[in-house]
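Q: So the sequences go chain by chain: A, B, C and D. Here the first sequence stands for residues 1 to 190, where the numbers follow this note's numbering. Here the second sequence stands for residues 1 to 190, where the numbers follow this note's numbering. Here the third sequence stands for residues 1 to 190, where the numbers follow this note's numbering. Here the fourth sequence stands for residues 1 to 190, where the numbers follow this note's numbering. Glycine is no exception: its CB is placed at the ideal position from the N, C-alpha and C atoms.
Protein chains: 4
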Amino acid sequence: MVRGRKVNSNGEKSKQLLRTKAIEIFSTKGYYQTKISDIVKAANVTQPTFYLYFESKESLFLDLKEEFQQNLNNIFEHPQEFRISQVIEKLLYYFAENPLLTKIGLYQSDDSFLVKEKLVEKFQQVLEKEKNQYHLLEGLDIKTISQSLMGSIERLTLTLLITEQKTAAELSEELLSIYFNQQAALATAK
Amino acid sequence: MVRGRKVNSNGEKSKQLLRTKAIEIFSTKGYYQTKISDIVKAANVTQPTFYLYFESKESLFLDLKEEFQQNLNNIFEHPQEFRISQVIEKLLYYFAENPLLTKIGLYQSDDSFLVKEKLVEKFQQVLEKEKNQYHLLEGLDIKTISQSLMGSIERLTLTLLITEQKTAAELSEELLSIYFNQQAALATAK
Amino acid sequence: MVRGRKVNSNGEKSKQLLRTKAIEIFSTKGYYQTKISDIVKAANVTQPTFYLYFESKESLFLDLKEEFQQNLNNIFEHPQEFRISQVIEKLLYYFAENPLLTKIGLYQSDDSFLVKEKLVEKFQQVLEKEKNQYHLLEGLDIKTISQSLMGSIERLTLTLLITEQKTAAELSEELLSIYFNQQAALATAK
Amino acid sequence: MVRGRKVNSNGEKSKQLLRTKAIEIFSTKGYYQTKISDIVKAANVTQPTFYLYFESKESLFLDLKEEFQQNLNNIFEHPQEFRISQVIEKLLYYFAENPLLTKIGLYQSDDSFLVKEKLVEKFQQVLEKEKNQYHLLEGLDIKTISQSLMGSIERLTLTLLITEQKTAAELSEELLSIYFNQQAALATAK
DNA sequence: CATGAATGAGTTTTCATTCAT
DNA sequence: GATGAATGAAAACTCATTCAT
Chain A
1 MVRGRKVNSN
11 GEKSKQLLRT
21 KAIEIFSTKG
31 YYQTKISDIV
41 KAANVTQPTF
51 YLYFESKESL
61 FLDLKEEFQQ
71 NLNNIFEHPQ
81 EFRISQVIEK
91 LLYYFAENPL
101 LTKIGLYQSD
111 DSFLVKEKLV
121 EKFQQVLEKE
131 KNQYHLLEGL
141 DIKTISQSLM
151 GSIERLTLTL
161 LITEQKTAAE
171 LSEELLSIYF
181 NQQAALATAK
Chain B
1 MVRGRKVNSN
11 GEKSKQLLRT
21 KAIEIFSTKG
31 YYQTKISDIV
41 KAANVTQPTF
51 YLYFESKESL
61 FLDLKEEFQQ
71 NLNNIFEHPQ
81 EFRISQVIEK
91 LLYYFAENPL
101 LTKIGLYQSD
111 DSFLVKEKLV
121 EKFQQVLEKE
131 KNQYHLLEGL
141 DIKTISQSLM
151 GSIERLTLTL
161 LITEQKTAAE
171 LSEELLSIYF
181 NQQAALATAK
Chain C
1 MVRGRKVNSN
11 GEKSKQLLRT
21 KAIEIFSTKG
31 YYQTKISDIV
41 KAANVTQPTF
51 YLYFESKESL
61 FLDLKEEFQQ
71 NLNNIFEHPQ
81 EFRISQVIEK
91 LLYYFAENPL
101 LTKIGLYQSD
111 DSFLVKEKLV
121 EKFQQVLEKE
131 KNQYHLLEGL
141 DIKTISQSLM
151 GSIERLTLTL
161 LITEQKTAAE
171 LSEELLSIYF
181 NQQAALATAK
Chain D
1 MVRGRKVNSN
11 GEKSKQLLRT
21 KAIEIFSTKG
31 YYQTKISDIV
41 KAANVTQPTF
51 YLYFESKESL
61 FLDLKEEFQQ
71 NLNNIFEHPQ
81 EFRISQVIEK
91 LLYYFAENPL
101 LTKIGLYQSD
111 DSFLVKEKLV
121 EKFQQVLEKE
131 KNQYHLLEGL
141 DIKTISQSLM
151 GSIERLTLTL
161 LITEQKTAAE
171 LSEELLSIYF
181 NQQAALATAK
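1) Looking at the secondary structure, which residues open and close the alpha helix (DSSP H) in which C:Gly105 lies?
2) List the residues of chain A whose Cβ lies closer than 7 angstroms to the Cβ of B:Leu106, in chain order.
3) Helix, strand or coil, according to DSSP, for B:Phe82 in the structure here?
4) Between the region 94-112 of chain C and the region 141-149 of chain C, do three or more beta carbon pairs fall short of 8 angstroms?
5) Taking Cβ to Cβ, would you say D:Ser148 is nearer than 8 angstroms to C:Ile178?
6) If I measure Cβ to Cβ from B:Arg19 and keep anything under 7 angstroms in the same chain, skipping five residues before and after, which residues do I get?
7) Use the C-beta contact count for C:Thr46: other C-beta atoms within 10 angstroms, 16 or more gives buried, fewer gives exposed.
8) Start and end of the alpha helix (DSSP H) containing C:Gln124?
9) Evaluate C:Asn181 with the Cβ neighbour count: other Cβ atoms within 10 Å of its Cβ, from every protein chain shown; 16 or more gives buried, anything less gives exposed.
10) Touching or not, the region 104-123 of chain D and the region 13-33 of chain D, by the rule of three or more beta carbon pairs under 8 angstroms?
11) Tell me, please, whether the region 72-91 of chain D touches the region 120-139 of chain D by the rule of three or more beta-carbon pairs shorter than 8 angstroms.
12) Please tell me whether D:Leu156 has its Cβ less than 8 angstroms away from any Cβ of chain C.
13) Would you mind giving the Cβ-Cβ distance between C:His71 and C:Tyr51, rounded to the nearest angstrom? I have them listed as a contact below 8 angstroms.
14) Taking Cβ-Cβ distances shorter than 7 angstroms, what residues in chain D pair up with C:Gln124?
15) Tell me which residues of the region 162-183 of chain A have at least one Cβ-Cβ distance to chain B shorter than 9 angstroms, keeping chain order.
16) What do you get for C:Glu154, buried or exposed, if any count of 16 or more other CB atoms within 10 angstroms of its CB means buried?
17) Could one say the Cβ of C:Ser152 lies closer than 8 angstroms to chain D's Cβ atoms, at least one of them?
18) Examine chain B for any beta-carbon lying closer than 8 angstroms to the beta-carbon of A:Ser14, and answer yes or no.
19) Against chain A, does B:Ser148 count as a neighbour if the rule is that its beta carbon must be under 8 angstroms from one of theirs?
20) Would A:Thr188 count as contacting chain B if we go by Cβ distances under 8 angstroms?
21) Under the rule that 16 or more other beta-carbon atoms within 10 Å means buried, what is D:Val40, buried or exposed?
22) Distance cutoff 8 angstroms, beta carbons only. Does B:Gln133 sit that close to anything in chain A?
23) Where does the unbroken alpha helix (DSSP H) through D:Leu177 begin, and where does it stop?
24) Comparing alpha-carbon positions, which option in B:Asp63, B:Leu92, B:Leu60 lies nearest B:Ile75?
25) Secondary structure at D:Ile142, three-state DSSP: helix, strand or coil?
26) Which residue marks the beginning of the alpha helix (DSSP H) containing A:Asn71, and which one marks its end?
27) Quick one: what does DSSP say B:Thr163 is sitting in, helix, strand or coil?
28) Do we get a CB-CB distance below 8 angstroms when we pair C:Leu140 with the residues of chain D?
29) So, using beta-carbon positions, are A:Phe54 and A:Leu60 closer together than 8 angstroms?
30) At a Cβ threshold of 8 angstroms, is C:Leu91 touching chain D?
31) Grab the span of the alpha helix (DSSP H) containing C:Leu17 for me, first residue to last.
32) How close, in whole Å, do the beta carbons of A:Leu156 and B:Gly151 come, if the pair is a contact with beta carbons under 8 angstroms?
33) Check for me: the alpha helix (DSSP H) holding B:Val40 runs from which residue to which?
34) Given a cut-off of 8 angstroms, decide if A:Lys90 and A:Ile162 are closer than it, judged by their beta-carbon atoms.
35) Identify the continuous alpha helix (DSSP H) that holds B:Tyr51 and give its terminal residues.
36) Just the Cα atoms here: how many angstroms apart are B:Thr188 and A:His135?
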């Protein structure tokens, strides 16, 4: 029945460990299926320790979700002007680098749908500007294309990117080919 | 409220009402966040009434999920040979007709990922056969296309189809254009 | 959804059937483990029918228990004077003829212990009068013998009598031999 | 009552208290009639505390039952050869020392009948070997005697031993006298 | 800094009983 | 005489959170 501070223990370390384990489990099982007991077991500390560093289960999850969203916002902050190819690339690179946070923010968070709606809007804006450059887009509803693109990105991220079967670069290129690249078609047509 | 039979009460009606409410709530909040108390409140009966008609929360949810999956299997049963356009159409029509069940089977069920994997496989098979017909596919990884298509379908279903902003027919056509139709591009190119 | 009186149905018949099934199930599973739903299922009627004939689960069980106890009382009513052999015989014959009621009254009822205490008292009284006739009893505590006899009777009833491995006659004789019969011993001794 | 640790609280103490109370109540009311709420009320803690120390109501009961059975097995383990007098003595001593566990294992457990059947078999084996030494046994069915003895032991245990009206030593001697001891009879006969 | 011990507030599920037909 | 439909009351169990050490 030893109590009190562990030898070599260190607050910041415990906090980081808890955070890491929380991300792992949240990203896999989702918010409701993740129990505090799971997290602390994985971090090898007790439940009260969790509350030493985080206000509540909810606030931690919210923090993680917001971190994801914040990062996402930062990506598109500086230069207002992006080409769709850059948008796709930047997204995939970010997702590839933060797979677990991405799973949380894109699939597990209750307002992941908002995040996606925002991205879709972004796509729309960009495509609106670029539509003349892609013959393939002619006659197509940009809203539909944007939503479709969002769907493609989220699924490819989940199944091929995060699983490391493909790289962000590869997937960017493939997506661009699918959605906007007439090379093949044009070549053939000629 | 007193015990015993309600005036004008009717078992089949109650069961259907409960089922309907359950589908509504399951499809919105998911399995874990849906409480029996939510369902019975919506159906204006008490908790034991739920157990009069359903074995448990889990078995009801499983039934709904399986109904969705069964329907899906039936779609592709008869003629073994489908063209990708038919596959997409049939999916979207089915989803449009069963929006809530679709939400459950495609987004809320624990094994929705399996359903999608199966669909992706289907896409791959069909595309493998048809690849020569679509110049756009040249040089592209069919697996990636299939996954991407799955993503597009699931997102368009969720955001445009189920919300009745677009019809299954419209979305099928748009998807075909995006993924396989060179018309516009070719026309322009000429 | 047919409702109302069954063709050929008959109140007394239903009541008897319910009673019979109740006895069967109560005797096997005990009061708390027996559900009204078990009883009515066995009798092939619905739950409200049970309440048509019996006030409640408890009152039916109490009735059965009291019937057992009443019968038991009747056995020893008339001639005040019994020999221990007669007491044992009469008990075993009654138990053999009413195996299920016996199981209820002797093993399942909450106050079966009272019944047994009363029987033990009876044994004591009778033995007190007869003790001179049985040399084996000399020096032994009649209370202990009476309790022991009660235990023997209840166990033999449960394991050999009710299972029809032995008859009441056989067991009476054997019990008398064990507890009071010196024949063998004396014969040998001489 | 507030949340969190009680002043001076101690886990092992709480667990033991819960166990003790559980044994008391299980032994009196049986498994089904014992509610967790009874146990925790008796131990002056809340229901979750119960689950802090025990997996479930069932597993606790099973543990207690198995403890009883294990002890019982241990009694007869070492020397394979026992005389019936020793068997009876050892049983009664064990029962006297563990009255509540005995009530659970011998009367309340769902498989107490198995325990008794096993004991009866033991009696049979031992008596088979010793039958020549007891003239009283001549002409009697050893199975009946064994069952009868089991009944005597269980009843005497319940009514005289556990209630501390008689000691294990006294009851052993009395049982031996009743079942196997011709002294008195013989003495008289001579 | 960290733990051991405990609890409030739910959640699913069961069962005897009772109305309306 | 009998059923279909419903419910009140309680049971076991879970989980995020909190106090005392």
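A: Taking the coordinates as given:
1) No alpha helix (DSSP H) contains C:Gly105, which DSSP labels as neither H nor E.
2) Going along chain A, no residue has its Cβ under 7 angstroms from B:Leu106, so there is no contact; the nearest lies around 12 angstroms.
3) Residue state, collapsed to three classes: coil.
4) no
5) yes
6) none
7) exposed
8) Here the alpha helix (DSSP H) through C:Gln124 covers 112-130.
9) The residue in question, C:Asn181, is buried, as its Cβ has 16 or more Cβ neighbours within 10 Å.
10) yes
11) Taking a contact to require three or more Cβ pairs closer than 8 angstroms, the region 72-91 of chain D and the region 120-139 of chain D qualify as touching.
12) yes
13) The sequence shown places Asn at residue 71 of chain C, not His. About 26 angstroms; that fails the 8 angstroms criterion.
14) Within chain D, no residue comes near C:Gln124; the closest Cβ sits about 12 angstroms away, beyond 7 angstroms.
15) Gln165, Lys166, Glu170, Leu171, Glu174, Leu175, Ser177, Ile178, Tyr179, Asn181, Gln182, Gln183
16) buried
17) yes
18) no
19) Any Cβ of chain A closer than 8 angstroms to the Cβ of B:Ser148 would place that residue at the interface, and such an atom is present.
20) Bear in mind that a pLDDT of 41 at A:Thr188, under 50, signals an unreliable position, so the number given afterwards is only what the model happens to contain. By this cut-off, A:Thr188 is an interface position.
21) buried
22) no
23) Reading the sequence as shown, one finds Ser at residue 177 of chain D and not Leu. Per DSSP, D:Ser177 belongs to the alpha helix (DSSP H) from 168-180.
24) B:Leu92
25) Reduced to three states, the DSSP call for D:Ile142 is helix.
26) 57-75
27) coil
28) yes
29) yes
30) By this cut-off, C:Leu91 is not an interface position.
31) 11-29
32) Right, their Cβ atoms sit about 6 angstroms apart.
33) 36-43
34) no
35) Where B:Tyr51 is concerned, the enclosing alpha helix (DSSP H) starts and stops at 47-53.
36) Any reading at B:Thr188 is ruled out, since the residue's pLDDT is 42, under 50, leaving its predicted position unreliable.
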